[in-house]
Amino acid sequence: MDESVVHTVRNIEELGVDQFSTYQKSVIVDRTVSINETIKRNSLALFRCPVHKSRNKQEKYPC
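Numbering-wise (numbering that gives the first Met the number 0), the sequence shown opens with residue 0 and increments by one.
Dropping the structure here:
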C-alpha cells in the first residue's frame with residue numbers, strides 16, 4: 000500500500016473539518032467569497048484501480 004494513501008486515510012477527518020471551517024468562515028461569516036463560487040476538489044491519494052492499456056476495448060477497466 001502506498002504511504003500517501005495511508006497518510007490520507009489517517010488524516011482525512013481532520014482535513015475535512017479544516018476545509019469546512021475555512022468555507023464557513025469565508026462564505027457564511029465574513030462573506031468574502033460568493034456562495035455561488037465552485038468548491039475546489041481535493042486531490043487526495045486514494046485507492047484506485049489503475050487503467051491498463053489493452054488491445055481489446057472491452058477489457059478497458061480490469062477491476
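C-beta: ideal position from N, C-alpha, C; glycine also.
Item	Value
Can you give me the Cβ contacts of Val32 inside the same chain, cut-off strictly under 6 Å, excluding the 5 residues immediately before and after it?	Ser25 and Val26
Among the residues of its own chain, which have a CB less than 8 Å from the CB of Asp1, if the five just before and after it don't count?	Ala44
From the DSSP output, in three-state form, read off Ile38 for me.	coil
By how many angstroms is the C-alpha of Asn10 removed from the C-alpha of Phe46?	15 Å
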